[in-house]
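Comments concern the structure below.
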Amino acid sequence: HKPSFVLTSAHRRLHAAGGSTAYQQYVRHLNRTLPEPDQVERFATGYQDYLQAPLQPLTENLDSSTYETFEKDPVKYAQYEKVGRNRMNEGHLEFEGTDSRDIAVYQALLDRVPAGSEETTVPFFIVPRSSIHARSGSSVIMVVGAGRGPLVNCSLRAAASAERKVRVYAVEKNPNALVTLQNMKAEQWGDQVTVVFTDMRRWKAPEKCDILVSELLGSFGDNELSPECLDGAQKFLKRKSYTYILDRVYHWDADNAGGISIPASYTAYVTPLSSSKLHSEVAAYKDLAHFETPYVVMFQSVAELADPQPLWRFDHPNCREVPDDPDEASMVLSSNLHNVRHTHVTFDSAHAMTVHGVAGYFESVLYDDVIISIHPNTHSPGMFSWFPIFFPLRAPLAVPKGAIVEVDFWRLTDGKKVWYEWCVQTRLEVSEGPEGGKRVVRLTTSPIHNVSGRSSWIG
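Every letter in the sequence shown is one number past the one before it in my numbering, and letter 45, counting from 1, is 308.
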């Protein structure tokens, strides 16, 4: 940052050693003694209030430099360790100095497989015990969207720390990442990891997995089609299980009920935003399409109207809406209507401001109490893998103090692509007469942006 300083009333000698020269000297002293920027601040240089198009990893193959950038995030995974450390210290392991990507997988392995166990869960079929094939004692982890393999490495380290046997599948469709995965297998992983070059939604897995690990989140949680990808991949998970004693169903352990997904859920949040700078950046394109396109932005010159509110949440595996039957599941997945959303939220304006758009964030539960977030109130400190997302408005809305701002958001699909639509309205409750009656005055209403995905979509 290179801020500008304005000195006022220096001639009034408010301080004994004051005067314009003294103040200038002190400002220069502050600049000289600033601490060195940390890795996050160095990474953010040049990105403040810079509009970026969100990634579309399903339709565009990321290059190695993009993977390398995200793999350097020093805090995104450290948050895992901070959240999970209390449980690690409760009779388990101290994870000091360990890459904190391991924690969610580590906890899951400890919770799901008893120490020294040679058994894993059995399928959720109502059949005699004798008809269930014997299984090996190792847990199966499938990393879908493996990229260049950081989550594969973390799964192997977590298994070693938890002293659990695992077999890992690394599923990736990007040829730019495949070469690195193959080299990692040849030089480090060996037979413990199977590299699969295909789209996770179309792969026919040779076996079911205990843990499905992915890193498919976007700045809005679902804006890189994580729901669509994981809905198609949940068929890899083991079914729920019963405990059998003497060939009879004795107990169903709900805490160890079939395969799990990491992340387990994620929630999108929004709040009205004021930023004349961002509005000017979008307006410079002089067309409608850019006002109907969301952007990933590291906010700097912005002001939010109120704390963000939740829009919607996605849970995985989505057993309630995606059936187990392959034919039925295929019909549900092809229409994708179960992932359509619409939410209406309201915000009270404590002060007057001009709304130029809507800010979006996400919060994700990876496993149990392990959380990552870019929500301002729960932000994983210093995490830079995701910047917030900005949905612009074509015309700024003036919001007086005491007004109510209404935001409507839609997540829509035609079975081939997904898009967002949004609009913002303002209203004011006005007192009438001596009896204190009130009437609602509709102040402004924006048009619905990006109708039918005409300007922006995710394919």
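Cβ coordinates follow ideal geometry from the N, Cα and C atoms, glycine included.
**Prompt:** CB-CB under 6 Å to R430, same chain, minus the five flanking residues each way: which ones, in chain order?
**Reply:** Apart from sequence neighbours up to five positions away, the residues of its chain that approach R430 with a beta-carbon distance below 6 Å are S401, V403, ordered along the chain.
**Own chain partners of R657 with C-beta closer than 6 Å, once the 5 adjacent residues on each side are dropped** = F554.
**Prompt:** DSSP three-state call for H605: helix, strand or coil?
**Reply:** H605: strand per DSSP, three-state reduction.
**Asked** Between V618 and S538, what straight-line distance do the alpha-carbon atoms span, to the nearest angstrom?
**Response** 8 Å
**Asked** Do R276 and E334 have their C-beta atoms within less than 8 Å of each other?
**Response** no
**Request:** Could you pull out every unbroken alpha helix (DSSP H) segment of at least 4 residues lying fully inside the stretch 415 to 477, listed in chain order?
**Result:** 438 to 447
**Request:** Compare the C-alpha of F672 against each of V603, L293, K498, L706 and name the closest.
**Result:** V603
**Request:** Under the assumption that L596 contacts G722 (Cβ atoms under 8 Å), give the Cβ distance between them as a whole number of angstroms.
**Result:** Not really, about 15 Å apart at Cβ, beyond 8 Å.
**Asked** Shortest alpha-carbon distance to L441 belongs to which of E470, C417, S327, R502?
**Response** It is S327.
**Prompt:** For S718, which option in P655, L475, L541 has the closest C-alpha, if you only look at C-alpha atoms?
**Reply:** P655
**Request:** Taking only the alpha-carbon atoms, compute the straight-line gap between V621 and V476 and give it to the nearest angstrom.
**Result:** Just so you know, the alpha carbons of V621 and V476 end up roughly 31 Å apart.
**Asked** Since L414 contacts F625 with CB under 8 Å, what's their CB separation in whole angstroms?
**Response** That belief does not hold up - the Cβ atoms of L414 and F625 are roughly 18 Å apart, past 8 Å.
**Message:** My output table needs one value for A411: the three-state DSSP class, helix, strand or coil.
**Reply:** It should be noted that the sequence gives Arg, not Ala, for residue 411. Assigned with DSSP and collapsed to three states, R411 falls in coil, not helix or strand.
**Prompt:** If you draw a straight line from the C-alpha of K471 to the C-alpha of S598, how long is it?
**Reply:** 25 Å
**Prompt:** Looking at the unbroken beta strand (DSSP E) that takes in L675, where does it start and where does it end?
**Reply:** 667 to 676
**Asked** Can you name the start and end residues of the alpha helix (DSSP H) that M594 belongs to?
**Response** 589 to 598
**Collapsed DSSP secondary structure at G495 in the structure displayed** = helix
**Request:** Assign P639 to one of three DSSP states: helix, strand, or coil.
**Result:** In the displayed model, P639 falls within coil according to three-state DSSP, outside both helix and strand.
**Local Cβ density within 10 Å of I523, reported as buried at 16 or more and exposed below that** = buried
**Request:** Go ahead and pull the three-state DSSP assignment for E304.
**Result:** helix
**Request:** Would you kindly work out how many angstroms separate the C-alpha atoms of Y532 and E450, rounded to a whole number?
**Result:** Between Y532 and E450, the alpha-carbon positions lie close to 42 Å from each other.
**Request:** State the start and end residues of the unbroken beta strand (DSSP E) segment that holds S528.
**Result:** 528 to 537
**Length of the line joining the Cα atoms of L536 and A527** = 29 Å
**Asked** Taking the alpha carbon of T609 as the point to measure from, which residue in S636, D570, V628, V633 has its own alpha carbon closest?
**Response** D570
**Request:** Work out the CA separation of L270 and N294 for me, nearest whole Å.
**Result:** 16 Å
**Message:** Taking contact to mean 3 or more Cβ pairs, one atom from each stretch, closer than 8 Å, check whether the stretch 454 to 468 and the stretch 303 to 316 are in contact.
**Reply:** no
**Message:** Please classify P469 as buried or exposed, where buried requires at least 16 neighbouring CB atoms within 10 angstroms.
**Reply:** exposed
**Request:** With R295 as the anchor, note down where its beta strand (DSSP E) starts and where it stops.
**Result:** Premise fails: R295 lies in the alpha helix (DSSP H), 283 to 295, not in any beta strand (DSSP E).
**Item:** Terminal residues of the beta strand (DSSP E) in which S627 lies
**Value:** 616 to 630
**Request:** Would you decide whether Q497 is buried or exposed? Buried here means 16 or more other CB atoms lie within 10 Å of its CB.
**Result:** Burial call: buried.
**Enclosing alpha helix (DSSP H) for Y330 [first to last residue]** = 327 to 334
**Message:** Give me, in chain order, the residues of the same chain whose beta-carbon lies closer than 7 Å to that of T322; leave out the 5 immediate sequence neighbours on both sides.
**Reply:** Correct list, in chain order: G722.
**Prompt:** Comparing alpha-carbon positions, which option in M646, P659, F650, N416 lies nearest V668?
**Reply:** When only C-alpha atoms are compared, the closest one is P659.
**Prompt:** Is it true that the CB of S612 sits closer than 8 Å to the CB of Y665?
**Reply:** Here residue 665 is Gly; the residue named in the question, Tyr, does not match the sequence. Yes. Within cutoff.
**Asked** Grouping DSSP H, G and I as helix and E and B as strand, with all else coil, what is Y313?
**Response** Coil at Y313, not helix or strand.
**Prompt:** Roughly how many angstroms separate the alpha carbons of H712 and P639, rounded to a whole number?
**Reply:** 25 Å
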